[in-house]
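J.: Here the sequence shown stands for residues 5 to 183, numbered as in this note's numbering. Glycine is no exception: its CB is placed at the ideal position from the N, C-alpha and C atoms. Please find one structure pasted underneath; my questions will follow.
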Amino acid sequence: MQKIWGLAGLAALALTVSACSSSGSSSTTSTNTSTPAAASSSSAPAASTGTAAKSTVSETTVGGQQVLVDAKGDVLYWFAIDTPTTSKCSGSCLTFWPAVTGPLTAGSGVTGTLGTITRSDGSKQATYDGHPLYTFAGDKSPGQNKGNGVNASGGLWWEMTVSGAKPPASASAAAGGGY
């Protein structure tokens, strides 16, 4: 019985995600707050100024790839159709791909450039090497990367590698499944 409910849940998830579209208005403007990760990797604690404390992003290895994870160990992702100043994920897309709020602090192994963009709702979204960052609701425990290579909401989703490189052609060709 659990398998039937599990399959029904996956089917419902797939239908919901297919309804996600990139037609929502989520144009953003760059806040130009990029900082090289190497320069911001000091071990000094953030000063308490009444604003939200920065979250730390660090490097770990998942499936042979060095990828970025948040403070909870959740893999971070980027959306292929985003631009360095605009997130194309809005509305119901954000239910499955929550935007990572910024700014972030570079932790162990992070060598790229961290920054933020301003989303259409005024919130700040973290970026890495010009890619707006997200987590995936389908990852249920630290280190999972079930969203890697998923084609949803009008484009492909990839785990954010420390190098910032796009996946190799073999990974792109193998990808394409939905949820």
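Could you check the C-alpha separation between valine 71 and threonine 65 for me, to the nearest Å?
T.: Approximately 6 Å, taken between the alpha carbons.
J.: Assess, as a yes-or-no matter, whether the stretch 110-125 is touched by the stretch 145-160 under the definition of 3 or more beta carbon pairs within less than 8 Å.
T.: At 8 Å Cβ cutoff, the stretches do not touch.
J.: Can the beta-carbon of glycine 120 be found less than 8 Å from the beta-carbon of glutamine 129?
T.: Correcting the residue type first, residue 120 is threonine in the shown sequence and not glycine. Yes, they are a contact pair.
J.: Just tell me which of Lys170, Ala103, Asn152, Gly158 has its CA closest to the CA of glycine 67.
T.: Out of Lys170, Ala103, Asn152, Gly158, Asn152 has the C-alpha closest to the C-alpha of glycine 67.
J.: Excluding the five sequence neighbours on either side, which residues of its own chain have a C-beta within less than 7 Å of the C-beta of alanine 75, listed in chain order?
T.: Same-chain partners within the cutoff: Ser59, Thr60.
J.: How long is the line joining the alpha carbons of glycine 168 and glycine 77, rounded to whole angstroms?
T.: Whole-angstrom Cα-Cα distance: 18 Å.
J.: Considering Cα atoms alone, identify which of Leu80, Thr109, Ala110, Thr90 is closest to phenylalanine 100.
T.: When only C-alpha atoms are compared, the closest one is Leu80.
J.: Just curious, the beta strand (DSSP E) that threonine 122 is in, first and last residue?
T.: Unbroken beta strand (DSSP E) run through threonine 122: 117-122.
J.: By Cβ distance, which residues of its chain are closer than 6 Å to histidine 135, with the 5 residues on each side in sequence left out?
T.: Same-chain partners within the cutoff: Trp82.
J.: So leucine 108 is in the beta strand (DSSP E); what residue range does that whole segment cover?
T.: Residues 108-110.
J.: Leucine 80 by DSSP, collapsed to three states: which one?
T.: Coil.
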